[in-house]
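Asker: When we follow numbering that gives the first Met the number 0, the leftmost residue of the sequence shown carries the number 0, and every step to the right adds one.
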Amino acid sequence: MDGPAPRLSSGIRRARDRYRGWNECYDARMDRFYSRWLLLVLGLLFVFVGLGSLPSAIHAARHDGTWGVFTATDRHCSRGGCLWDGTFRSDNGAIVQDEVTYDGHGIDHVGDRVRAEVVKGSSDAYGRHSDALLESILFSIGGVVCLVWWEVLRRRRAVSGG
0 MDGPAPRLSS
10 GIRRARDRYR
20 GWNECYDARM
30 DRFYSRWLLL
40 VLGLLFVFVG
50 LGSLPSAIHA
60 ARHDGTWGVF
70 TATDRHCSRG
80 GCLWDGTFRS
90 DNGAIVQDEV
100 TYDGHGIDHV
110 GDRVRAEVVK
120 GSSDAYGRHS
130 DALLESILFS
140 IGGVVCLVWW
150 EVLRRRRAVS
160 GG
């Protein structure tokens, strides 16, 4: 293994250099695509989701809703965790709501009953210590961060002529 490294033929060198140039150009285009469109879409999505659920989450955090009992009838699980669907019956029996989604803790099996609160105009039932307000705020902040980052990259491209 002593001695000089083998030399590449001129054709192989040209092909290698052409590939490197294409790859760098491709990487730059993909960077522009991601910074231009993906950050914008993600930012808007996070802001809309966060702000869309914020009013009912605020009312639930202030306990402005109707208290009652949530009975779990079905569970849906995904990567983000499990959600429980069921029925809600207010303490005085005046409100009975089917197809309510429970946002809280304390349910392990179908048929479990927990104390919950339903906010007017919402199909969600919130537990006593629901994280809905925190989740709404974090989604909104994440969206704003994405939009600010998108704007910084857009201005930097405008200055550099990209």
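The beta-carbon is built from N, C-alpha and C at its ideal position, and this holds for glycine as well. Note that this is a predicted model, so its numbers are computed, not measured.
1. Within 10 angstroms of its Cβ, does residue 37 collect 16 or more other Cβ (buried), or is it exposed?
2. Would you please state the rounded distance, in angstroms, between the beta carbons of residue 98 and residue 111? I believe it to be under 8 Å.
3. Confirm, please, whether the CB-CB distance from residue 117 to residue 65 is below 7 Å.
4. DSSP three-state label for residue 142, please.
5. Assuming residue 102 contacts residue 129 (C-beta within less than 8 Å), just tell me the rounded distance between them.
6. Ignore the nearest five residues each way along the sequence and tell me which others in residue 69's own chain have a CB closer than 6 Å to its CB.
7. In chain order, what residues of the same chain have a beta carbon less than 6 Å from the beta carbon of residue 41, not counting five sequence neighbours either side?
8. Find the nearest neighbour of residue 63 within the set 151, 120, 150, judged by alpha-carbon distance.
9. Given residue 89, which residues of its chain have a CB within under 6 Å of its CB, disregarding the five upstream and five downstream residues?
10. Starting from residue 121, trace the beta strand (DSSP E) both ways and give me its first and last residue.
11. Assuming residue 52 is part of the alpha helix (DSSP H), what are its boundary residues?
12. Under the DSSP definition of a beta bridge, which residues are partnered with residue 65?
13. Where does residue 75 land, buried or exposed, given buried means 16+ other C-beta within 10 angstroms?
14. Grab me the residues of residue 50's own chain with a C-beta within less than 7 Å of its C-beta, minus the 5 sequence neighbours each way, in chain order.
Answerer: From the atom records:
1. Result: exposed.
2. Taking C-beta atoms under 8 Å as the contact rule, residue 98 and residue 111 fail to qualify, at a distance of about 17 Å.
3. In this structure, residue 65 places its C-beta atom within 7 Å of the C-beta atom of residue 117.
4. If DSSP states are grouped into helix, strand and coil, residue 142 belongs with the helices.
5. The distance from the Cβ of residue 102 to that of residue 129 is about 5 Å, consistent with a contact at the 8 Å cut-off.
6. 85, 87, 101, 113, 115, 124, listed in sequence order.
7. If we look at residue 41 and ignore the five residues flanking it on each side, its Cβ neighbours are 145.
8. Taking only the C-alpha atoms, the option nearest residue 63 is 120.
9. Taken in chain order, the residues that qualify are 65, 67.
10. For residue 121, no beta strand (DSSP E) run applies, since DSSP gives it neither H nor E.
11. Where residue 52 is concerned, the enclosing alpha helix (DSSP H) stretches over 38-60.
12. Answer is 117, bridged to residue 65.
13. Under this definition residue 75 is an exposed residue.
14. The residues 139, in chain order, have a CB closer than 7 Å to that of residue 50 in the same chain once the five nearest residues on each side in sequence are set aside.
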